[in-house]
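Only one structure is covered here, and it is reproduced in the block below.
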Amino acid sequence: MSWQRFDNTRIAVVEPVQYLTERLQGFGTTIFTAMSALAVETQSVNLGQGFPDTDGPVAVSQAAIDAIKTGHNQYPPLPGIEPLRTAVAEHRLRFRGQRFDPAGEVLITAGATEALAAALLSLTGPGDEVVTFEPYYDSYAAGIAMSGAQRRVVTLRGRDFAFDPDELEAAFTPNTKLMLLNSPHNPTGKVFSRSEMEVIARVCIDNDVIAVTDEVYEHLVFDDAEHIPLATLPGMAERTITVSSAGKIFSFTGWKIGWACGPAELINAVRTAKQFLTFVSGAPLQPAVAVGLRLGDDFFDGYTAEMQSKRDRLVDGLAAAGFDVIVPQGTYFVTADITPLGETDGIDFCMSLPKRCGVVVVPTQVFYDNPETGRRLVRFAFCKRDEVLDEACRRLQQLSRSAAGAI
Ligand code: PMP
Ligand code: GLN
1102 MSWQRFDNTR IAVVEPVQYL TERLQGFGTT IFTAMSALAV ETQSVNLGQG
1152 FPDTDGPVAV SQAAIDAIKT GHNQYPPLPG IEPLRTAVAE HRLRFRGQRF
1202 DPAGEVLITA GATEALAAAL LSLTGPGDEV VTFEPYYDSY AAGIAMSGAQ
1252 RRVVTLRGRD FAFDPDELEA AFTPNTKLML LNSPHNPTGK VFSRSEMEVI
1302 ARVCIDNDVI AVTDEVYEHL VFDDAEHIPL ATLPGMAERT ITVSSAGKIF
1352 SFTGWKIGWA CGPAELINAV RTAKQFLTFV SGAPLQPAVA VGLRLGDDFF
1402 DGYTAEMQSK RDRLVDGLAA AGFDVIVPQG TYFVTADITP LGETDGIDFC
1452 MSLPKRCGVV VVPTQVFYDN PETGRRLVRF AFCKRDEVLD EACRRLQQLS
1502 RSAAGAI
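Residue numbers are given in the working numbering: position 26 of the sequence shown equals residue 1127, and the series is strictly consecutive.
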């Protein structure tokens, strides 16, 4: 493979890509695709791309099988089937206290990715600016670029990945159209606190800006952290599109069923773009996700507890391997600093790791416009079977042993 250096935001093939429009030059191949391919090629343990290695609830997969067998195989309605829109509205009320009318305020999409892309394409364009925090999930930069808007990033800094409210305010200009917020946050695992949400809400309101919130990890929040949808803050419901997805809630990341909820006028705009992206998708999966969203608290609580114990398992294993681990409050991911291992560059480290010990992880610096800030950070996914996590940690612990042996 020719994944070598990269431009300032992502691993990319260095040469310009023939035929590719200017807007997408430099985007290369996503880090997740690159790293999963590397894992297969080198037969490494893959803690790179965030996907579980076990299936989600049988009640949900069985409902999909039943739906295929009972004729749910043609185009569903553009906004998604009514039972799923109702189940999404019920889920948001049950867990977040948010009220949405399934008739016009809920839109079913091809994963959160399509919801985010359709929001960016329908609400922003050339001359507009979109504010987001860095490090950021990779599709944000691409979605903003495809819409023709400009991104402006505010850097999360320090062990708690905090932002400076003054920097956030300074990032907003008269051209700012949209704030794109991800909490729980990929790649850092940060869960934004209520006081941080209050600052973000105030800045959005002061600047009369629309917010799009990516909440795909909303059920992966640990310890005493709390998931607070930005839309639940005063003055925000009327200007926020809340996005989530079945992929991470039910461990069916390949199903790509997501949704966007918000005021009818905003959802109507997003739907206009969505109908020309995929039109519709996942007909037999939609009723199955509706079943999942109505599962009892035992499922949701059990899932969070199971993932928290996996987080703890990986955190302990990485600490034993000598990493400086930042314990995440949410998501599938642990961030660790590689400095104690004598390493200084996350990309060099991640590219050499399969050969050195047969493990694949993701360099955090590819999620920054200013990669220096994240140069020593790497991201490990813990949504894997315990034995896989243990094997990865055993291999990683050899790194410091072989370094000690070399002295
Ligand atoms: N946002 C974030 C922060 C993610 O990590 C992912 C990956 N699941 C997505 C969006 C995309 O979600 P989906 O697979 O539902 O498109
Ligand atoms: N969200 C997943 C991650 O962060 C990757 C999804 C993808 O490969 N696009 O690892």
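Using N, Cα and C, we set each Cβ at its ideal position, and we do this for glycine too.
Please read all numbers here as calculations on a predicted model, not as lab measurements.
Where does residue i sit, in a helix, a strand or coil, going by DSSP?
{"i": "P1266", "result": "helix"}
{"i": "V1161", "result": "helix"}
{"i": "P1464", "result": "strand"}
{"i": "D1315", "result": "strand"}
{"i": "M1280", "result": "strand"}
{"i": "R1303", "result": "helix"}
{"i": "A1250", "result": "coil"}
{"i": "S1296", "result": "helix"}
{"i": "C1049", "result": "Any answer about residue 1049 is impossible in this case: the structure gives the chain only from 1102 up to 1508."}
{"i": "D1446", "result": "coil"}
{"i": "C1362", "result": "strand"}
{"i": "E1206", "result": "coil"}
{"i": "N1147", "result": "strand"}
{"i": "A1482", "result": "strand"}
{"i": "T1440", "result": "helix"}
{"i": "E1230", "result": "strand"}
{"i": "V1189", "result": "helix"}
{"i": "R1476", "result": "coil"}
{"i": "T1256", "result": "strand"}
{"i": "S1410", "result": "helix"}
{"i": "V1344", "result": "strand"}
{"i": "F1323", "result": "coil"}
{"i": "G1459", "result": "coil"}
{"i": "I1427", "result": "strand"}
{"i": "E1235", "result": "strand"}
{"i": "F1133", "result": "helix"}
Tell me whether residue i is buried or exposed, calling it buried when 16 or more other Cβ atoms sit within 10 Å of its Cβ.
{"i": "N1174", "result": "exposed"}
{"i": "I1166", "result": "exposed"}
{"i": "Q1430", "result": "buried"}
{"i": "K1456", "result": "exposed"}
{"i": "R1486", "result": "exposed"}
{"i": "R1260", "result": "exposed"}
{"i": "V1231", "result": "buried"}
{"i": "A1271", "result": "exposed"}
{"i": "E1366", "result": "exposed"}
{"i": "F1351", "result": "buried"}
{"i": "R1124", "result": "exposed"}
{"i": "F1377", "result": "exposed"}
{"i": "P1335", "result": "exposed"}
{"i": "A1211", "result": "buried"}
{"i": "R1477", "result": "buried"}
By Cβ distance, which residues of its chain are closer than 6 Å to residue i, with the 5 residues on each side in sequence left out?
{"i": "G1423", "result": "P1441, L1442, S1501"}
{"i": "P1364", "result": "E1339"}
{"i": "V1463", "result": "I1132, M1136, G1149, R1480"}
{"i": "F1152", "result": "T1354"}
{"i": "A1246", "result": "R1124"}
Between residue i and the rest of its own chain, which residues show a CB-CB distance below 7 Å, the 5 nearest in sequence each way excluded?
{"i": "D1229", "result": "A1250, N1276, K1278"}
{"i": "S1248", "result": "L1221, L1222, T1225, G1226"}
{"i": "Q1409", "result": "F1323"}
Would you kindly work out how many angstroms separate the C-alpha atoms of residue i and residue j, rounded to a whole number?
{"i": "G1181", "j": "I1169", "result": "16 Å"}
{"i": "D1413", "j": "T1465", "result": "20 Å"}
{"i": "L1281", "j": "S1503", "result": "43 Å"}
{"i": "E1116", "j": "G1198", "result": "49 Å"}
{"i": "D1325", "j": "T1354", "result": "26 Å"}
{"i": "R1200", "j": "A1332", "result": "10 Å"}
{"i": "S1103", "j": "W1356", "result": "Reliability fails at S1103, whose pLDDT of 31 lies under 50, so the model's placement of it is uncertain and the value that follows must be treated cautiously. Going by the C-alpha atoms only, they are around 30 Å apart."}
{"i": "L1415", "j": "G1205", "result": "42 Å"}
{"i": "E1492", "j": "V1461", "result": "12 Å"}
{"i": "I1427", "j": "L1139", "result": "25 Å"}
{"i": "N1109", "j": "S1346", "result": "Residue placement at N1109 is poorly supported in this model, since its pLDDT is 41, which falls under 50; the coordinates still yield a value, given next. So the alpha carbons of these two residues sit roughly 29 Å apart."}
{"i": "R1495", "j": "L1321", "result": "26 Å"}
{"i": "V1159", "j": "L1396", "result": "11 Å"}
{"i": "E1297", "j": "F1262", "result": "11 Å"}
CB residue i to CB residue j, shorter than 8 Å?
{"i": "I1209", "j": "L1185", "result": "yes"}
{"i": "V1300", "j": "P1330", "result": "no"}
{"i": "P1236", "j": "L1269", "result": "no"}
{"i": "V1304", "j": "F1273", "result": "yes"}
{"i": "V1057", "j": "D1202", "result": "The requested residue 1057 is not part of the displayed model; the chain covers only 1102 to 1508."}
{"i": "K1375", "j": "C1484", "result": "no"}
{"i": "P1227", "j": "Q1387", "result": "no"}
{"i": "A1391", "j": "A1188", "result": "yes"}
{"i": "V1313", "j": "I1342", "result": "yes"}
{"i": "A1384", "j": "A1164", "result": "no"}
{"i": "V1141", "j": "G1459", "result": "no"}
{"i": "F1468", "j": "D1239", "result": "yes"}
{"i": "R1252", "j": "A1242", "result": "yes"}
{"i": "P1285", "j": "T1436", "result": "no"}
{"i": "F1434", "j": "A1482", "result": "yes"}
Short of 8 Å in beta carbon distance, which residues of its chain neighbour residue i, apart from the five on each side in sequence? Order them along the chain.
{"i": "V1191", "result": "One detail in the question is off: residue 1191 reads as Glu in this sequence, not Val. Closer than 8 Å at Cβ, skipping near neighbours: L1394, R1395."}
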